[in-house]
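Okay, so here's the structure we're looking at.
Chains as they are written, first to last, in the numbering used here: chain A, -15 to 581; chain B, 363 to 522.
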């Protein structure tokens, strides 16, 4: 008898999907499978993030790779009875692109063709809680190749030749970093995985850890072998409970299979991995601060040198790499340095994962070769701006980065090009803004973040950023002057030059870059006392267009302060002295008669 | 330090000692110990810090320094239903601030406060990583996505 190919129903287990109704979908699918006695033929699996976060919960059926989006728990019955039992696709749940075309498979999606998945190679494909599934997809093959016949220096050379640069923000050569750690001899060394993904709006590391934890564990072991370290530590945010749980499972399974622990694969190499928790401090993404936090101290950075490679965790040589960087290691070992170096631009090799979010149609996780343009990312992969509005800016690099504008749409995205235009690659958050976003408010938003997260150790960052924030507050309240704009810029430059660590040195970037690219908007705030985007409450006035007003009195009834007057069936008026600019009237008006001036 | 004075029962003291012992009373495990204590007690008042101090041989001042440094740790008890509004960039761009204002108005609480009956506490946090659902609100372990200011009343009604 021929064995029937086992079907898999992959339910996205990423946070966005499972926080939506993904968990209930998963449970109901399992119930339906049981009810139809299909347990032996169909396997329901929690997979990693598919990257289609705005369309979750997402379900994929293998073989065939049919993708269903926005699946509700009640749809489980139909999926099982129609698709699984009768082989008929459930039309209404099929994935549709922003223009309404029905797509069945991932590769039919125009945006997918621009993507290249190296880091996310197994996310949404394997069951992250099953090591055998991971092994079937080449997990630990690179480790076995390394242990079977490569010297530490060979591995380091391969990584150096590949041109891989740190994905956490710094962009330093990974191979070089390993080499320095290798050359510092000590009785104990450490490999640290930095999973303290603190940038607001970034979720790529979380998705890798949730979707393919073994790729990180394997790379840490390879790094340990190369720099001669016996111990690995993963520093992860306590805010990521699902990622923590998956890591724990993965570590336990790897130990059970002899892929971690003593004498790995009979090579005599010992390597163990432990998890350490962060506790909500952005600065702990900085490697010296991270190390202090792992030692149980306040996560304050210290001056480099000494670099962690010389004196890190407990004073021992320590190599710190970010999750995404580590996820690139195994493919490089397996496919070779020249394969990796063949992807990307001259000085930035490989791919980059971006978390696309904000005012964009396809919110989600994407991976593109370095050198892809912003236009391709936003319009082809991202499906354009929501509600057909006009693109204004894309923010990269989080609170340390800057804004890219329309004139930057066609530059190839890589480390050096982004730095040249005053932003930075950062960890990969890419937030898209449209015409309704006020850039002064955006700069203020990031400064608020920095002020809150500044550890307070050095004065330029602690006091300087506070003053910057105050100045911006002033400007958004209509109290700023033209001289304030120069003052802003000067202060930014001083903070950049004199702060102790990367946080302070990059914190003025959002201000500098918006000031550079949207100077007219700042000037409108200070000279005309107007906010062109209509976001700064103190600078706007609600106004009723008489021609459009039918006198329905809806606005007057909803106004909490009685600022609107007028007779029934006559045009109404807003008294600007009483109005508190809450916007309730505008929401209520059915005739578009109320505008902001 | 914390204005609330509490009396630890013997079993509470034992629990803290157990937690410390499970990490071999190693000073470098302080943050892990504090995570476990907060998980169990809900918050970390001075009295708990004193016991941890003795067990791990770290001065209370240092422990206080660590607790106040990290935003995850709190010295005041959270409400029965802790409400967190995500203020990450994606949520912010999609109007999280207006949602937060609505919660403040409905509950009469500021960020960081707990209602008098101990039912709700309000906080903002930075990015839960569910940017596809922005703006996101979390109440306890439950996540609400794409929340509009108008939804706030209905959401709160679920907890009456």
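Every residue, glycine too, gets a C-beta built ideally from N, C-alpha and C.
| query | result |
| --- | --- |
| Of the residues A/545, A/31, A/415, the one placed nearest residue 561 of chain A, counting alpha carbons only | A/545 |
| Any C-beta of chain B under 8 Å from that of residue 184 of chain A | yes |
| Contact set between the stretch 460 to 488 of chain B and chain A, restricted to residues whose Cβ is under 9 Å from the partner | 460, 487, 488 |
| Completely contained alpha helix (DSSP H) runs for the stretch 441 to 489 of chain B, where each covers 4 or more residues | 451 to 455, 458 to 469 |
| Rounded distance between the beta-carbons of residue 344 of chain A and residue 316 of chain A, thought under 8 Å | Rounded, the Cβ-Cβ distance is 31 Å, inconsistent with contact. |
| Residue 78 of chain A, DSSP secondary structure in three states | strand |
| Outcome for residue 71 of chain A when other beta-carbon atoms lying within 10 angstroms are tallied against a minimum of 16 | exposed |
| Interface residues of the stretch 283 to 301 of chain A facing chain B [CB-CB below 7 Å] | 283 |
| Pair within 8 Å by beta-carbon distance, residue 377 of chain A and residue 417 of chain A | yes |
| Residue nearest to residue 192 of chain A in terms of C-alpha spacing, selected from A/400, A/86, A/526, A/105 | A/105 |
| Contact list for residue 403 of chain B against chain A, beta-carbon separation under 9 Å | None at all; the shortest Cβ gap to chain A is about 16 Å. |
| Contacting residues, own chain, Cβ-Cβ under 7 Å from residue 298 of chain A (five flanking each side not counted) | 279 |
| Length of the line joining the Cα atoms of residue 418 of chain B and residue -9 of chain A | 53 Å |
| Neighbour-count burial assignment, residue 498 of chain A, 16 or more Cβ in a 10 Å radius | buried |
| Where residue 342 of chain A falls: helix, strand or coil (DSSP) | strand |
| Top-ranked residue by Cα proximity to residue 533 of chain A, from A/519, A/548, A/523, A/521 | A/548 |
| For residue 86 of chain A, the three-state DSSP class (helix, strand or coil) | strand |
| Residues bridged to residue 351 of chain A (per DSSP) | A/337 |
| Neighbourhood of residue 500 of chain B by C-beta distance below 6 Å, restricted to the same chain and skipping five residues each side | 446 |
| Interface positions of the stretch 432 to 448 of chain B facing chain C (Cβ-Cβ less than 9 Å), listed along the chain | The structure shown contains no chain C; the protein chains it does contain are A and B. |
| Residue 258 of chain A (DSSP reduced to helix, strand or coil) | strand |
| Inter-residue Cα distance where the pair is residue 409 of chain B and residue 259 of chain A | 28 Å |
| Closest residue to residue 236 of chain A among A/189, A/257, A/526, A/550 (Cα-Cα distance) | A/257 |
| Boundaries of the alpha helix (DSSP H) in which residue 303 of chain A is found, first to last residue | That residue, residue 303 of chain A, is in no alpha helix (DSSP H); its beta strand (DSSP E) goes 302 to 306. |
| Where the beta strand (DSSP E) through residue 584 of chain A begins and ends | Only positions -15 to 581 of chain A appear in the structure, and residue 584 of chain A is not among them; the question remains open. |
| Environment of residue 161 of chain A [buried if 16+ CB atoms lie within 10 Å] | buried |
| Local Cβ density within 10 Å of residue 186 of chain A, reported as buried at 16 or more and exposed below that | buried |
| Proximity test, Cβ basis, 8 Å: residue 392 of chain B and chain A | yes |
| Reduced DSSP category for residue 364 of chain B - H, G, I as helix; E, B as strand; rest coil | Since pLDDT at residue 364 of chain B reaches only 45, below the 50 mark, its modelled position is unreliable, and the value read off the structure follows with that caveat. It is coil, neither helix nor strand. |
| Buried/exposed call for residue 398 of chain B, threshold 16 Cβ in 10 Å | buried |
| Status (buried if at least 16 other CB within 10 Å, exposed otherwise) for residue 163 of chain A | buried |
| Beta-carbon proximity check, residue 179 of chain A vs residue 189 of chain A, cutoff 8 Å | yes |
| C-beta contact flag for residue 325 of chain A and residue 336 of chain A at 8 Å | no |
| Buried versus exposed call for residue 265 of chain A [16 or more other C-beta atoms within 10 Å across all chains shown] | buried |
| Contacting residues, own chain, Cβ-Cβ under 6 Å from residue 118 of chain A (five flanking each side not counted) | 110, 198 |
| For residue 179 of chain A, the residue or residues it bridges with in DSSP | A/220 |
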